[in-house]
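Here the protein sequences come in this chain order: G and H.
Using our numbering, count along the first sequence one by one with no gaps and you end on 453.
Using our numbering, count along the second sequence one by one with no gaps and you end on 1285.
Down below is the structure, laid out as structure tokens.
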Amino acid sequence: MKKTATYSQENPVIRFFSSVHLAIFLLIALAVTSIIGTIIPQGQSQQFYLDNFGPTMSKLTKILHLNDTYHSWWYLSLLALFSTNLIVCTLKRLPFTLKLFKKDNLAVSSDYLTRMPYKRIWRVKDGVLDNELMQKLLSTFQKKAGSFQKKPNVDGGTLFLVEKGKWSYWGLYGVHLSILIIFLGAVFGSFYGFKGRIMLMEGETTDHAVRFDTAAPIPLGFSIRCDHFFVSFYDNGAPKEFRSDLTILEKGKEVLHKAILVNDPLEYKGVTFYQASYQAIPEVTIRVASSTGIQRSFIIPAFQKVSWPESSMTLALLKYIPNIHGVPAARIWIGDGTGQGHALWVLQGRTEKYTRGDTTYELSLVSASERYMTGLQVKKDPGVWIVWLGCTALILGFAIVFWVPHRRSWLWVGPKDGETQVILSGQTNKNKIHFEKDFRELEDSINSVLGNQ
Amino acid sequence: MNLSSSYLLSLTTFIYLGAAALYMIHWIFRVRQVGVLATVVTVGGFLVQTAGIILRWTESYRLGYGHAPLSNLYESLVFFSWVTILVYLVIEWRVKRRVIGAFATPFASLAMAYASFSPKVADSIEPLIPALQSNWLLAHVITCFLGYASFAVACGLGIMYLVKMKGAHHDEKPESVIGSLPRLKVLDDLMHQTIIFGFLWLSVGIITGAVWANQAWGTYWSWDPKETWSLITWFIYATALHARFVRGWAGQRIAWLSIIGFLSVIFTYFGVNFLLSGLHSYGSG
Chain G
1 MKKTATYSQE
11 NPVIRFFSSV
21 HLAIFLLIAL
31 AVTSIIGTII
41 PQGQSQQFYL
51 DNFGPTMSKL
61 TKILHLNDTY
71 HSWWYLSLLA
81 LFSTNLIVCT
91 LKRLPFTLKL
101 FKKDNLAVSS
111 DYLTRMPYKR
121 IWRVKDGVLD
131 NELMQKLLST
141 FQKKAGSFQK
151 KPNVDGGTLF
161 LVEKGKWSYW
171 GLYGVHLSIL
181 IIFLGAVFGS
191 FYGFKGRIML
201 MEGETTDHAV
211 RFDTAAPIPL
221 GFSIRCDHFF
231 VSFYDNGAPK
241 EFRSDLTILE
251 KGKEVLHKAI
261 LVNDPLEYKG
271 VTFYQASYQA
281 IPEVTIRVAS
291 STGIQRSFII
301 PAFQKVSWPE
311 SSMTLALLKY
321 IPNIHGVPAA
331 RIWIGDGTGQ
341 GHALWVLQGR
351 TEKYTRGDTT
361 YELSLVSASE
371 RYMTGLQVKK
381 DPGVWIVWLG
391 CTALILGFAI
401 VFWVPHRRSW
411 LWVGPKDGET
421 QVILSGQTNK
431 NKIHFEKDFR
441 ELEDSINSVL
451 GNQ
Chain H
1001 MNLSSSYLLS
1011 LTTFIYLGAA
1021 ALYMIHWIFR
1031 VRQVGVLATV
1041 VTVGGFLVQT
1051 AGIILRWTES
1061 YRLGYGHAPL
1071 SNLYESLVFF
1081 SWVTILVYLV
1091 IEWRVKRRVI
1101 GAFATPFASL
1111 AMAYASFSPK
1121 VADSIEPLIP
1131 ALQSNWLLAH
1141 VITCFLGYAS
1151 FAVACGLGIM
1161 YLVKMKGAHH
1171 DEKPESVIGS
1181 LPRLKVLDDL
1191 MHQTIIFGFL
1201 WLSVGIITGA
1211 VWANQAWGTY
1221 WSWDPKETWS
1231 LITWFIYATA
1241 LHARFVRGWA
1251 GQRIAWLSII
1261 GFLSVIFTYF
1271 GVNFLLSGLH
1281 SYGSG
């Protein structure tokens, strides 16, 4: 907007926030500062920055929160300033837009029309423009330009106006508002939603997820079970599909089954579960035969201890190799319950001896298998629909701002300079090339009506 | 099978290089017939390329992978060049100025040449990894590349503008090299229109990407380098549009912004893949 006389009397705070210089400065500042977080790795430990960038940069990283640039105080301040500027600038433009919108385009003189960028004047001999020809002229005008408004007694003649797309001045407000709506959705989602993860073994059930940011447990209000996990590969070794068969339980009762894929999550009560990762967890069955004649088998999953209280023995799986000399092998830890113990390799088809006191135990690997653990990303974001609303409004707004023109076509018929004149003129605020084409067509049609006389 | 998609797409590279050369000759030596020939060659190349893309699509089904050819760097370069030619041909048809071809078709030719000859770009048809198995792939890639291609053409127009402006003082005869370029006013308007078109598609591209990310990972925005750079590009063009709209910036400044904006597009496209790491790493293969 151009500076006006009232401009200088304004509150300097409002003047600062409504300045277009500020808007352009902020757009450039956001563009430039956004680069930082794409160059400096985000979300690393302080030690990482010290090791890679040295003490000075590491200190700077800490002060300016460059380990999480886009949530740092200064970046969020820039965004807040940007929003404020957007609101103030837009509001300040409002009276100007209202004036454009309310402007009566019938309140023009015939001289004004001759100064329009697109115009054509026909001089018609007296008496030629009778009622019949006038009807023909108007119906051509209507057919080519659209339905018109009429105003008599304009400089002694009659003025006709076709006006289209006047409402398009509001498109700008739609665009700016939609950006604020998107911000609002993001803020709303971050306050009332969460992001977390769940690791579930096949067959396992849980009623909570773990937050990404604080690692705190979040109760879900229901339970989720992983029935199966499947992974498949293409011939070239690239992964083809990750799939988890999930069941939702309410108070122990199954209410929903769904197989989720990477691009096909499960949503239940506003919480969405995404297939994010997986791990193959080995599990071995070990038979232990004691020299006292007792024999028992244990299923030992990874990361878990199995105890045999009668012999005060605990067993754990330290390492699993699916194929060593053609057979699976497991490294088993045997504890005596006091923290002391012994580790040994057990290969399938062979027996390993372990002696404690006067008892000897014979260990053999009965079977080995792999169980899967699925990694789910869990999210609740009630703001996402606000964001999508904003995005839709943004695109619609753009289409209006860029492509819906405010077009005016005037036709004036009356006496001027001692003869009867027909003045056609037009104006558009955008897409002049297209308007000019339409205007020339209109001009040609009217010319053929008047030229026949 | 002797008529393979790689054959057609390699052929396209040479046709586009030829077309770019013809447009250059048309511009510099002012031979009208060469200009017509350039258009014919470009349209021919476009048809061959279209056939190549369709053939590649059907070949992927024959391999049992079955996906649109928009899944890796090679395929995206081919598509980028295809859209650039399409946007250029529409402009040529609408404004009837073949000189613009000398500044627009080189982008398409260079993209094809890079795709075909760089050892870094693998042209084999690969199956889709789980993250890419979505209908949003099509919507996201097509809209982004409509934006990128428009920005490429706008950059060409910006360069034209600067060339015309530098030479305008001493060489205004319509038959001269500088004089044959469209008037500054026309170039400025065309540049603005092309940036608007690109900006709209870039916005739709960012949004479809957000919708897809939300469906695949549960976050519509994660400040991944690719996302951030697309936003940086968006900021640059938003600056250009606002500066023109409210500050009345036109001509030279917008021409420079259009060139800077396209450099940002190139960085978003290649720089992020090769220099930075992130979620879009599959685009680098």
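Built from N, CA and C at the ideal position, the CB exists for glycine as well.
Since this is a predicted model, take the numbers as computed values, not measurements.
Query, Result
"Within-8 Å CB hit, Ala-280 of chain G to chain H", "no"
"Nonlocal neighbours in the same chain, by C-beta distance under 6 Å from Glu-454 of chain G, ignoring five residues either side", "As shown, chain G starts at 1 and ends at 453. That puts residue 454 of chain G outside it, with no answer to give."
"Exposure label - Leu-98 of chain G; buried when at least 16 CB within 10 Å", "exposed"
"Counted within 10 angstroms of its Cβ, other Cβ atoms place Asp-358 of chain G as buried (16 or more) or exposed", "exposed"
"Where the beta strand (DSSP E) through Lys-258 of chain G begins and ends", "253-260"
"Exposed unless 16 or more other CB atoms sit within 10 angstroms - verdict on Gln-1033 of chain H", "exposed"
"Cβ neighbours of Phe-17 of chain G in the same chain (closer than 7 Å, five flanking residues each side left out)", "Thr-84, Asn-85 and Val-88"
"Interface flag, Ala-31 of chain G vs chain H, CB-CB below 8 Å", "yes"
"Pick from G:Met-57, G:Leu-129 and G:Ala-80 that is closest to Val-413 of chain G, judged by C-alpha positions", "G:Leu-129"
"Nearest candidate by alpha-carbon position, reference Leu-177 of chain G, set G:Phe-82, G:Ala-29, G:Val-255 and G:Gly-270", "G:Phe-82"
"Under the three-state DSSP convention, the category Gly-341 of chain G falls into", "strand"
"Residue-chain proximity (Asn-1214 of chain H, chain G), Cβ-Cβ < 8 Å", "yes"
"is_contact[Leu-462 of chain G, chain H] using C-beta, thresh 8 Å", "Residue 462 of chain G lies beyond the stretch modelled for chain G, which goes from 1 to 453, so this question has no answer here."
"Residue range of the unbroken alpha helix (DSSP H) whose run includes Gly-1044 of chain H", "1032-1062"
"Identity of the residue in G:Phe-298, G:Val-175 and G:Leu-76 nearest Ile-332 of chain G by Cα", "G:Phe-298"
"For Leu-317 of chain G, the nearest candidate out of G:Gly-349, G:Ala-289, G:Phe-303 and G:Ile-28 (CA to CA)", "G:Phe-303"
"Own chain partners of Leu-450 of chain G with C-beta closer than 6 Å, once the 5 adjacent residues on each side are dropped", "Trp-122"
"Cutoff 6 Å; reference Cys-1144 of chain H; Cβ partners in own chain excluding five residues on either side", "Gly-1205"
"Residue burial classification, Lys-2 of chain G (beta-carbon count within 10 angstroms, cutoff 16)", "Unreliable positioning characterises Lys-2 of chain G in this predicted model, as indicated by a pLDDT of 43, which lies under 50. A coordinate reading is not provided."
"Anticipated Cβ contact below 8 Å, Val-404 of chain G with Gly-171 of chain G, distance rounded", "7 Å"
"Partner residues on chain G for Ala-1131 of chain H, Cβ-Cβ distance less than 7 Å", "Val-262"
"Contacts that Gly-1218 of chain H makes with chain G (C-beta to C-beta distance below 9 Å)", "Lys-195, Pro-265, Thr-272, Phe-273, Tyr-274, Ala-276, Gln-377, Val-378, Lys-379 and Asp-381"
"8 Å contact criterion, which Ser-425 of chain G and Met-116 of chain G should meet: CB distance rounded", "4 Å"
"4 or more residues per run - each alpha helix (DSSP H) lying fully within the stretch 1113-1186 of chain H", "1136-1167"
"8 Å Cβ cutoff, Lys-258 of chain G in contact with chain H", "no"
"Length of the line joining the Cα atoms of Arg-1062 of chain H and Ser-1004 of chain H", "12 Å"
"Nearest candidate by alpha-carbon position, reference Ile-395 of chain G, set H:His-1192, H:Trp-1136, H:Thr-1208 and H:Gly-1044", "H:Thr-1208"
"C-beta neighbour in chain G for Phe-1235 of chain H, strict 8 Å", "yes"
"Chain H contact residues for Thr-38 of chain G, given Cβ-Cβ distances below 7 Å", "Pro-1225, Thr-1228, Trp-1229 and Leu-1276"
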